[in-house]
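Enquirer:
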Amino acid sequence: MAQTIIATHIVKPSSPTPPASKIHKLSFFDQMLPPIYIPFIFLYENNQRSQQQEISKRLRQSLSEILAIFYPIAGTVVQNSHVDCDDAGAEFVEARVHAPLSHITENPNFEKLVKQLSATAAGAVAARNLSVKASFFECGGFAVGVSLSHKLADGASAAAFARAWADTCRGEASGIIHPSHGQTHLSVHPSFDMALHFPPSPRPSLHPGVPSEKIATRRLVFDKEKVEKIRKLEASRSEVKDPTRVEAVSALLWRSFIAAHKESGTGTASFPAVHAVNLRPRAGLPDRAFGNCIVFVAAALSLDEGEDGDAVSRLRAAIRGVGEDFVNGAVKDEKLLRMMDESGDALREPGSCVFSSWVRFGLYEVDFGWGKPARVFSVFPYLNAVLLVESPAGDGIEAWVNGVDDRFFQLLRSNCDELLGEDVLAA
179 MAQTIIATHI VKPSSPTPPA SKIHKLSFFD QMLPPIYIPF IFLYENNQRS QQQEISKRLR
239 QSLSEILAIF YPIAGTVVQN SHVDCDDAGA EFVEARVHAP LSHITENPNF EKLVKQLSAT
299 AAGAVAARNL SVKASFFECG GFAVGVSLSH KLADGASAAA FARAWADTCR GEASGIIHPS
359 HGQTHLSVHP SFDMALHFPP SPRPSLHPGV PSEKIATRRL VFDKEKVEKI RKLEASRSEV
419 KDPTRVEAVS ALLWRSFIAA HKESGTGTAS FPAVHAVNLR PRAGLPDRAF GNCIVFVAAA
479 LSLDEGEDGD AVSRLRAAIR GVGEDFVNGA VKDEKLLRMM DESGDALREP GSCVFSSWVR
539 FGLYEVDFGW GKPARVFSVF PYLNAVLLVE SPAGDGIEAW VNGVDDRFFQ LLRSNCDELL
599 GEDVLAA
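All residue numbers for the sequence shown refer to the numbering used here, where the first residue is 179 and numbers rise by one.
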C-alpha cells in the first residue's frame, strides 16, 4: 500500500502554559512504565466528502487548542523525573495513501497497518510525547493515527485525550481556556495531580524494557451472542457464577493460550495470566485523573490444571485483591514495588499472557466531525499481549492478540473454537 508524505508540522499549544504549571511531576507509575508509543488508528469513511485541506486544517487547529488543556503532552520528559511543560508541541504528519480505505477494512494486516498509518512504530521510543498522522485515501476516507507516550498516559488517559480532541474539532468545546485559568467546555476536564496520590520513587524504572521481538497481531471477534455463550461456559466450570464479559473472554483466551503452548511444545510448567487493573476507582480518583494509574496482577494455572483449571476464579481473585485497603497501604510501604517485581517476573514467563481491557474507553465515540470511526485499531508491542476492546456496535468484544507466528494463531483459534464449540471469527 504505497503512500506519499505530503507535509510534516510541529503543532504547539494555542496558548502558553502558565508559569505555575511549567513542571509536571511524574508519578510512581509514570516512572515505572516505558517511554514507548502506544498507537491508536481511527479509520473514517468521510461520507460528507469534506476536502483533505479542510480536514487537515481543522485537525491541526483543534490539536493546538487541546494541547493547551493537556499541556504536559506538549512538553519534554526530563530524566524520568518530570515533564518540562515547555510547549515544544506535537508532531503532525500528513500523507496520501494510493489505495481505497476498503483495502484496509476488508483485509486488515495489523503490522502493516500500524507501520503505515501511525507516525511512529508500535514500541518505538518516544522522541516527542505525541505524534499524529493524518492519512488520506483515494476514496475520500481518511485515518487519524494517534501515538502517545506510555510514559505519560495509560490507555484510559490516552482514550480520554483522543475523545477530548475530537470534541474540540467538532466544535463542541468552543471557547476553551487553560484549566489553571478557569473551566473548560470539554467532556473531559483533566487533572494532573497523580504524583500527589502516588509519589515518585527514587528506585530506577522497573518496566519490561523496549520490546525487540518480532510480533504478529491478529484479531478475534466475539459478537454479543458469543460473549453470552462464553459467560455461560465459563460460569459452568467455575465457582464464579456471574463472570463479567471481560473476565469470561479473558478466561477463555487464557485457557486457549495454555493449550496452544502445550501443543507447540514450549516445555513451560506454569502459565500465568497478567491483567492490568485501573486503580482510579479503587483509589477514589476520578476518571479524568490523567497519567498512568494501573497495576498488573498475576494469576497462575499449573501444567496439571492447564486449560481445565478454574481460570475465572483465579482472575477475579487477583483483580479484586487490589481493593481500597490495598491502595491505601500500598503508597505507604513497599507493596507496590513488590507487586511490580512479581508482575515483571510473570511477564517474563515464556507461557504468560498479558491482558489489558479497553472496554468502555469510548474509542468508537471519537468523532472529529466527520462521523464515528468505521474501525479502530491498536497494537500493544509485547509478545502474548491481548487487548480487549468493544466491537463497533458496542455489544461484543474484539481481542487483539499478539503471537510469534501464524502457526501459533492457528493453534490459539482452534482451541478457542474447541472450547466454545463453534467457530470464532478471526482476522
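No residue lacks a Cβ here, since even glycine has one placed at the ideal position from N, Cα and C.
Out of Glu425, Ile436, Asp583, Pro191, state which residue places its alpha-carbon closest to the alpha-carbon of Glu289.
Expert: Asp583
Enquirer: Helix, strand or coil for Tyr135? Go by DSSP, reduced to three states.
Expert: No statement about residue 135 is possible, as the shown extent of the chain runs from 179 to 605 and does not include it.
Enquirer: Should Ala185 be labelled buried (16 or more other beta-carbon atoms within 10 Å of its own) or exposed?
Expert: exposed
Enquirer: Could you tell me whether the region 396 to 408 touches the region 583 to 602, using the rule of 3 or more Cβ pairs below 8 Å?
Expert: yes
Enquirer: Check each candidate in His276, Ala552, Leu431, Ser313 and name the one with the smallest Cα separation from Leu565.
Expert: Leu431
Enquirer: Do Glu543 and Arg341 count as a contact pair if the criterion is CB distance below 8 Å?
Expert: yes
Enquirer: Going along the chain, which residues of its own chain have a beta-carbon closer than 7 Å to the beta-carbon of Ala467, five neighbours each way excluded?
Expert: Excluding sequence positions up to five before and after Ala467, its CB lies within less than 7 Å of the CB of Ser369, Met372, Arg458, all in the same chain and listed in chain order.
Enquirer: Could you name the residues of the same chain whose beta carbon sits closer than 6 Å to that of Val271, not counting the 5 residues immediately before and after it, in chain order?
Expert: Thr186, Ala297, Lys311
Enquirer: Could you give the uninterrupted runs of the beta strand (DSSP E) lying entirely in the region 410 to 459, keeping only those of 3 residues or more?
Expert: 448 to 456
Enquirer: Could you tell me whether the Cβ atoms of Ser416 and Val324 are closer together than 8 Å?
Expert: Taking 8 Å as the Cβ cut-off, Ser416 and Val324 do not qualify as a contacting pair.
Enquirer: Among Cys531, Val475, Arg494, whose alpha-carbon lies nearest the alpha-carbon of Ile436?
Expert: Cys531
Enquirer: For Gln181, which beta-bridge partners are listed by DSSP?
Expert: As DSSP reads the structure, Gln181 sits in a beta bridge with Val275.
Enquirer: Should the region 275 to 293 be regarded as contacting the region 326 to 344, the criterion being three or more beta carbon pairs within less than 8 Å?
Expert: Counting C-beta pairs with one atom in each stretch, the region 275 to 293 and the region 326 to 344 have fewer than three that are closer than 8 Å, which means they do not touch.
Enquirer: On a CA-only basis, which of Leu598, Phe587, Ala476, Phe546 is nearest Arg348? Give me that one, please.
Expert: Arg348 has its Cα closest to that of Phe546, out of Leu598, Phe587, Ala476, Phe546.
Enquirer: For Ala339 versus Tyr222, is the C-beta distance shorter than 8 Å?
Expert: Sequence check: residue 339 is Phe here, not Ala. The answer is no: Cβ separation not under 8 Å.
Enquirer: Put Phe376 into one of helix, strand or coil per three-state DSSP.
Expert: coil
Enquirer: In this structure, does DSSP put Pro286 in helix, strand or coil?
Expert: coil
Enquirer: Taking Cβ to Cβ, would you say Ile244 is nearer than 8 Å to Trp343?
Expert: yes
Enquirer: Going along the chain, which residues of its own chain have a beta-carbon closer than 7 Å to the beta-carbon of Gln209, five neighbours each way excluded?
Expert: Asn258, Pro378, Ser379, Ser383
Enquirer: DSSP three-state label for Ile233, please.
Expert: Helix, per DSSP.
Enquirer: Please name the residue, chosen from Leu561, Pro213, Phe220, that lies closest to Ala337 on a Cα-to-Cα basis.
Expert: The option with the nearest alpha carbon to Ala337 is Phe220.
Enquirer: Between the alpha carbons of Ile214 and Leu561, how many angstroms are there, rounded?
Expert: 15 Å
Enquirer: Measuring straight from C-alpha to C-alpha, what distance separates Ala552 and Pro421?
Expert: 29 Å
Enquirer: Alpha carbon to alpha carbon, what distance is there between Val602 and Leu279?
Expert: Rounded to whole angstroms, Leu279 to Val602 spans 25 Å at the Cα level.
Enquirer: Three-state secondary structure (DSSP) at Gly349?
Expert: Coil.
Enquirer: What's the C-alpha gap between Arg274 and Pro196?
Expert: 37 Å
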